[in-house]
């Protein structure tokens, strides 16, 4: 069994981590973006699908374009973040399975079943988005996940040349401004929503 990580690391990733609404004026470099990806891609997905398609909006122009498709409450969170990531998915992720999952003919499992592919792509790209947040936090960055955007508009704006890709949600990444967070919302005890059988 693997060793456990330290309490400090668990605090950094989970217990003390927060969703930020504002950002310090501190850059996130391309090297940091690549380091986040190099960690998140190692998280497990079904048959190593790797369906997420990520657009890292780092330039002010890209963030402004993205903000145009956000609710009023989210526009500034996007514009002022060092990076805002569009977490999307590829409906035809199965085309990549011959090299991503070479142990068997996994591509054939999904051919002719677009509804099944969409279901699998959404589930597994959401997992990859969660890995993205864990990776960013592990590397000392903060996150501000958001779903208050016009996803059809974001898809048309950022995936116009990739018609089989869809935007699903977005996440700002940077160094969070502690003045921008609310008091922590309640978290349920185990017994509230769990059972062991």
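Residue numbers (full-length UniProt numbering): 1 to 197. Built from N, CA and C at the ideal position, the CB exists for glycine as well. Source: prediction; values computed, not measured.
Under the DSSP definition of a beta bridge, residue 145 partners with 171. For the set 50, 7 and 77, the Cα lying nearest the Cα of residue 175 is the one of 77. Contact between the segment 70 to 87 and the segment 161 to 173 is present, with at least three C-beta pairs closer than 8 Å. Residue nearest to residue 112 within the set 177, 91, 101 and 99 is 91 (criterion: CA-CA distance). Under DSSP, the beta-bridge partners assigned to residue 86 are 55 and 170. Taking the Cα positions, residue 56 is about 26 Å away from residue 11. Rounded to the nearest angstrom, the gap between the Cα atoms of residue 97 and residue 41 is 15 Å. The three-state secondary structure of residue 176, taken from DSSP, is strand. Restricting attention to 185, 32, 49 and 4, the CA atom closest to the CA of residue 108 is found in 49. Taking all protein chains shown into account, residue 190 has fewer than 16 neighbouring C-beta atoms within 10 Å of its C-beta and is therefore exposed. For residue 131, the enclosing alpha helix (DSSP H) covers residues 114 to 138.
Contact between the segment 22 to 40 and the segment 139 to 146 is present: 3 or more CB-CB pairs across the two stretches fall below 8 Å.
Of the other Cβ atoms in all chains shown, fewer than 16 fall within 10 Å of the Cβ of residue 184; this residue is therefore exposed. Take the alpha-carbon of residue 168 and the one of residue 122: they are about 8 Å apart. From the listed residues 117, 8 and 140, the smallest Cα separation to residue 28 is found for 140.
Between residue 63 and residue 79 the beta-carbon gap is near 5 Å, inside 8 Å, which marks them as a contact. Per DSSP, residue 93 lies in no alpha helix (DSSP H) segment and is marked neither H nor E.
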